[in-house]
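Notes follow once the structure below has been shown.
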């Protein structure tokens, strides 16, 4: 099971990248030590701290021509990772 699903690339997180703070979407069951080890292994950096946030599924309703479609968005977990001073994770090098 891969703990790191995808990196977060938003305007707010990109501004924090200069300070060594990066964001990731992770598995809902992932614990902080597991996230730390996965980031260190995947990117070869020293992780100083990990903060996590859980987002619940939201109820959404869409009106179409034939009927009303009702459902939920996906629930997910976000991890904000601080790396050691002088270390950088390059997300854009793969593009």
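Residue numbers (this note's numbering): 358 to 452.
Note that beta-carbon positions come from the ideal geometry of N, C-alpha and C, so glycine has one too.
Only a predicted model underlies this, so the values are computations on that prediction, with no experimental measurement involved.
Residue i, DSSP secondary structure in three states
{"i": "residue 450", "result": "helix"}
{"i": "residue 385", "result": "coil"}
{"i": "residue 415", "result": "coil"}
{"i": "residue 362", "result": "strand"}
Unbroken alpha helix (DSSP H) run spanning residue i, endpoints
{"i": "residue 436", "result": "Note, residue 436: premise wrong, no alpha helix (DSSP H); beta strand (DSSP E) at 433-440."}
{"i": "residue 369", "result": "368-373"}
Exposure label - residue i; buried when at least 16 CB within 10 Å
{"i": "residue 360", "result": "buried"}
{"i": "residue 395", "result": "buried"}
{"i": "residue 436", "result": "buried"}
{"i": "residue 420", "result": "exposed"}
Strand pairing of residue i, partner residues [DSSP]
{"i": "residue 379", "result": "438"}
Endpoints, beta strand (DSSP E) assigned at residue i
{"i": "residue 426", "result": "425-429"}
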